[in-house]
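Peer 1: Once you've had a glance at the structure underneath, I'll fire off some questions.
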Amino acid sequence: MTDESTPGSIPPPGKDIEDIPTAKTLKGLDAGQASSVLPPAPPSAPPAMPPEAMEVASDPTRQINQYLLVAQVGAGGMGAVWKSWDTNGRRWVAVKFLNAIDDDSIRRFRREAQVTQRLHHPNICTIHDVSEAKGRPYLVMDYLEGGPIGSAGAPLRSLVETFVKVCRAIDYAHRNGVIHRDIKPSNIMVSPAGEPCVTDFGLAKVVMPQSTISIAAAVMGTPSFMPPEQASGRIQAQDEKSDLYSLGATLYTVTTGKPPFERENATATLFEVCSTDPVAPRKINPVIPRPLEAVILKGMDKDKRLRYASAEEMALDLERFLKGEPVLARPPGPLRKLVRRLRANPLASAGAAAVVLATAVMVAVLLQPRPETPPPVIVNAPAPPPSGPTDHQKWRERFEPLQAELAFHNFRTFPAERLVELKRLFASMPEPLVPEVASWFLGQAAQVPFDVWPRREWWERQEEARRRVDWCRTILAALADRSGKFAEAKNVAADRAARYAPVATWRGSITLTVTATPFAEIKSLRTGNTWIVRDGRRTSDAPSGDVQYTPYKQDDLDVADYVVVLSHPKLGERTLTISGGAMRHGGRYIFSGSLDDPKSFALIEKR
Ligand SMILES: Nc1ncnc2c1ncn2[C@@H]1O[C@H](COP(=O)(O)OP(=O)(O)O)[C@@H](O)[C@H]1O
Ligand SMILES: [Mg+2]
């Protein structure tokens, strides 16, 4: 991980803001304020181009202005996200493309990105550049290592501590007139060191044009985190409190392992967001303490007046919980539940009608080649079915316990008999549920972080690596006879299994010294097809390296079997094998013997 990808190395505020029509929203966001939250960038020599970037440097299709697109790390609703090397800034960045849309949206995209560019906070992902290449708009931001919040299997306490920082980052944005509009786990990346970074401020607004919601829902596929006022299309009711709801829904998801509302399609989910109370978090995960449950539910109250007054208030209540003090949030008592139910009914039907209308508008807009023409007004839209057919519901209920065990961050093991059970259940999956189930698997697979830890951390991370490989293989086994909509989840699982397998099977590293009497040349040293010395030269510095002689010492070799070829001008060549059987991680070994008698060679551990 390079320094550049940490939130600490955010550059100073940008140049001109004259061209931004919404500059008035930025009052109070000046350089002084920014520097108060920014640690100074560490002075260091610019790093050389990493080998992965070099590999694509000659491929013109991977070059976008000054950026080399090294690997696609994701594809959200807006377009693909690429881990990229910035050849000017000499750092890793993430380049996010916006799928080709109309000029109006592109203008909005630029404006929103520019507004966000004014936010400078250690827990907010910095946008470095907004531009266009070959007609495709893109933005460039910090490249964030790690994974979405909740994906690393962190203990509850540290999860809440991380979440407090997220609340403060959102509060900072609100104080500067910026509403996020799309808070959800995948927009909160947590670094391997546990620092959260919030991405995609205000971008939802870009794909949410002309004050309707569901385009965003359909395009971005995340209505689970939308507050009811947004889900029912009352756009004018959207404000900071909408972000508070999404914070609550995000905390709900990372503590229970499932989003509060998740149905077979966006419309059904939106309908539930407007009409139903979420299942109490403790019913899903009884480990969640009651006060934390109360904070989550207060955050996501359907009545926005009952939510926290600000993200800072939510942070303070979470801190009370962490300190073991009583929290302000109260669990809804029987009386309040009744009042809420009475109040919820008219609201629910109004919300539902709005969802129908919004969906109709959405479909119309999505089908329309040019969005400038006003969307048709739909009169007398039919009411939606309140829920799917009962056999769907029954099937879901049978799938739920398996889901809980298969969820990536809960996963421990999945015994063979459960797999049989799962396959049997899959055989009876109602066809309309396929997209929902497939997207659940894909969502889980996407939680397995793409980047593997640096080698020096492999030893201590091995257990987690094995868990990840195990999870991927379980998913691949579970979906073995499925294709179509499940193909993407399988691809991601196969890719992640291959990434983590070397860590999972790694046996550690050792220091090895090869000596011989008499003194000999090391012709080669290899393990399998990996050469450490070849034709007398260390492969790491060939072809210019020096010819290597005994005693030859090499640090950081994998625990493995080796073959070494020693050569002496009079005695000729000797091919010897070094067994890794007895080696242990961190050990220092000497392989020595006499060339006269190859049987005399033995491996001993230096204490
Ligand atoms: N700045 C970033 N650094 C590293 N990875 C990123 C970054 N932004 C996005 N990603 C990856 O790309 C994926 C897609 O991102 P995005 O298009 O924002 O969709 P979403 O947030 O809905 O997942 C994310 O889930 C994440 O894995
Ligand atoms: Mg995102």
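First residue of the sequence shown? That's 913 in this note's numbering, and the numbers climb one at a time after it.
Where a beta carbon is used, it is the ideal one built from N, C-alpha and C, also for glycine.
In this text, all values refer to a predicted model and were calculated from it rather than measured experimentally.
#1: What do you reckon, is the C-beta of LEU1564 under 8 Å from a heavy atom of ligand 1?
#2: Three-state secondary structure (DSSP) at LYS1214?
#3: What does GLU1433 pair with, by DSSP beta-bridge criteria?
#4: Could you tell me the alpha carbon to alpha carbon distance between VAL1042 and PRO1344, rounded to whole angstroms?
#5: Do ALA1025 and LEU1056 have their beta-carbon atoms positioned less than 9 Å apart in this structure?
#6: How far does the beta strand (DSSP E) with MET1101 in it reach, from first residue to last?
#7: Quick one: what does DSSP say TYR1055 is sitting in, helix, strand or coil?
#8: For a test of your reading of the model: does the CB of ASN1035 fall under 8 Å from any non-hydrogen atom of ligand 2? Yes or no.
#9: Do three or more CB pairs link the segment 1390-1410 to the segment 1475-1490 at distances below 8 Å?
#10: Nearest to SER1187 by CA position, among LEU1228, PRO1140 and LYS1153, is which residue?
#11: Closer than 8 Å is the cut-off here; do at least three beta carbon pairs connect the segment 1149-1164 with the segment 1087-1096?
#12: Which runs of the beta strand (DSSP E), 3 residues or longer, sit entirely within the segment 1033-1113?
#13: Is the beta carbon of SER970 closer than 9 Å to that of ASP1083?
#14: Tell me the rounded alpha-carbon separation between ILE976 and VAL1007.
#15: Take the Cβ of THR1124 as the centre, count every other Cβ of all protein chains shown within 10 Å, and call the residue buried at 16 or more, exposed below.
#16: For ILE1208, which of helix, strand or coil comes out of DSSP?
#17: Can you tell me the Cα-Cα spacing of ASN1197 and ALA1350, whole angstroms?
#18: Give the DSSP bridge partners of VAL1426, in chain order.
#19: Please determine, among THR1429, THR1489, TRP1443 and GLY1492, the residue with the shortest C-alpha to C-alpha distance to TYR1461.
#20: Which class does LEU986 belong to by DSSP, given the choice of helix, strand or coil?
#21: Compute the minimum distance between the beta carbon of ASP1094 and the heavy atoms of ligand 2, and state whether it is under 8 Å.
#22: Take LYS1465 as the anchor and find which of LYS1482, ILE1502 and GLN1142 has the nearest alpha-carbon.
#23: What I want to know is whether the C-beta of THR1181 ends up closer than 8 Å to one or more non-hydrogen atoms of ligand 1.
#24: Confirm the yes/no value for this check: CB of PRO1104, any heavy atom of ligand 1, distance under 8 Å.
#25: Flag ASN1099 as yes when its Cβ comes closer than 8 Å to any non-hydrogen atom of ligand 2, and as no otherwise.
#26: Considering just the uninterrupted stretch of the beta strand (DSSP E) at GLU1485, what are its terminal residues?
#27: Considering only the alpha carbon of each residue, which of CYS1384, ARG1002, SER1421 and GLY1420 lies closest to TYR1412?
#28: Taking 8 Å as the line, does the beta carbon of THR1111 fall inside it for any heavy atom of ligand 2?
#29: Who are the Cβ neighbours of ARG1194 in its own chain at under 8 Å, not counting the five residues just before and after it?
#30: For GLY991, which residues of its own chain have a beta-carbon under 7 Å away from its beta-carbon, when the five flanking residues on both sides are left out?
#31: State the Cα-Cα distance for the pair ALA943 and HIS1032, rounded to the nearest angstrom.
#32: According to DSSP, is PRO1172 helix, strand or coil?
#33: What residues are listed by DSSP as bridge partners for ARG1438?
Peer 2: Looking at the atomic coordinates:
#1: Residue coverage of the chain in this structure runs from 913 to 1519, which leaves residue 1564 outside it and unanswerable.
#2: For this step, residue 1214 is matched to residue 302 along the sequence shown. Three-state result, LYS1214: coil.
#3: Locating residue 1433 in the sequence shown gives position 521, where the first residue counts as 1. GLU1433 pairs with TYR1461 and SER1479.
#4: The residue given as residue 1042 occupies position 130 in the sequence shown. The residue given as residue 1344 occupies position 432 in the sequence shown. Near 40 Å, if we compare the C-alpha coordinates of PRO1344 and VAL1042.
#5: Within the sequence shown, numbered from 1, the residue matching residue 1056 stands at position 144. Within the sequence shown, numbered from 1, the residue matching residue 1025 stands at position 113. The answer is no: Cβ separation not under 9 Å.
#6: Within the sequence shown, numbered from 1, the residue matching residue 1101 stands at position 189. 1100-1102 is the extent of the beta strand (DSSP E) around MET1101.
#7: One-based indexing of the sequence shown puts residue 1055 at position 143. DSSP places TYR1055 in coil when its eight states are reduced to three.
#8: In the sequence shown, the residue the question calls residue 1035 occupies position 123. It does not: the Cβ of ASN1035 is nowhere closer than 8 Å to a heavy atom of ligand 2.
#9: no
#10: For the purposes of this step, residue 1187 is taken as the residue at position 275 of the sequence shown. Ranking LEU1228, PRO1140 and LYS1153 by Cα distance to SER1187 puts PRO1140 first.
#11: yes
#12: 1039-1045, 1048-1054, 1100-1102 and 1108-1110
#13: Mapped onto the sequence shown, residue 1083 falls at position 171. Mapped onto the sequence shown, residue 970 falls at position 58. Not in contact: ASP1083 and SER970 (Cβ atoms no closer than 9 Å).
#14: Along the sequence shown, one-based indexing puts residue 976 at 64. Along the sequence shown, one-based indexing puts residue 1007 at 95. Roughly 9 Å separates the two Cα atoms.
#15: Here residue 1124 refers to the residue found at position 212 of the sequence shown. With a pLDDT of only 40 at THR1124, under the threshold of 50, the placement of this residue in the model should not be trusted; the figure read from the coordinates follows. So THR1124 counts as buried.
#16: The sequence position of residue 1208 within the sequence shown is 296, counting from 1. DSSP places ILE1208 in helix when its eight states are reduced to three.
#17: For this step, residue 1197 is matched to residue 285 along the sequence shown. For this step, residue 1350 is matched to residue 438 along the sequence shown. Between ASN1197 and ALA1350, the C-alpha separation is close to 23 Å.
#18: Against the sequence shown, residue 1426 aligns to sequence position 514. BP columns for VAL1426 point to TYR1464 and PHE1503.
#19: To locate residue 1461, count along the sequence shown from 1; it is residue 549. For TYR1461, the nearest C-alpha among the options comes from THR1429.
#20: The residue given as residue 986 occupies position 74 in the sequence shown. Before going on, a small fix: residue 986 reads as Gly here, not Leu. Residue state, collapsed to three classes: strand.
#21: The residue you call residue 1094 lines up with position 182 of the sequence shown. Yes.
#22: Sequence index remark: in the sequence shown, residue 1465 carries index 553 (1-based). Answer by Cα proximity: ILE1502.
#23: Translated into positions along the sequence shown, residue 1181 becomes position 269. Checking every heavy atom of ligand 1 against the Cβ of THR1181, none is found closer than 8 Å.
#24: Position 192 of the sequence shown, counted from the start, is the residue given in the question as residue 1104. Checking the Cβ of PRO1104 against ligand 1 gives no.
#25: Start at 1 with the first residue of the sequence shown, and residue 1099 comes out as number 187. Yes.
#26: Within the sequence shown, numbered from 1, the residue matching residue 1485 stands at position 573. Segment 1484-1490, the beta strand (DSSP E) holding GLU1485.
#27: Residue 1412 sits at position 500 when you count from the first residue of the sequence shown. Cα-wise, what sits closest to TYR1412 is CYS1384.
#28: For this step, residue 1111 is matched to residue 199 along the sequence shown. Within the cutoff, so yes.
#29: Your numbering for residue 1194 matches position 282 in the sequence shown. Closer than 8 Å at the Cβ level, and outside the excluded window around ARG1194, lie ILE1200, ARG1202 and GLU1205.
#30: Numbered from its first residue, the sequence shown carries residue 991 at position 79. Counting only Cβ-Cβ distances below 7 Å, and skipping sequence neighbours, we find LYS1008, PHE1009, LEU1010 and ASN1011.
#31: Reading the sequence shown from its first residue, position 31 is the one you call residue 943. Reading the sequence shown from its first residue, position 120 is the one you call residue 1032. At ALA943, the pLDDT of 33 sits below 50, so the modelled position is not reliable and the matter cannot be decided from this model.
#32: Numbered from its first residue, the sequence shown carries residue 1172 at position 260. Here PRO1172 sits in coil by DSSP.
#33: Indexing the sequence shown from 1 puts residue 1438 at position 526. In the DSSP output, where bridge partners are listed per residue, ARG1438 has TRP1443 and VAL1475.
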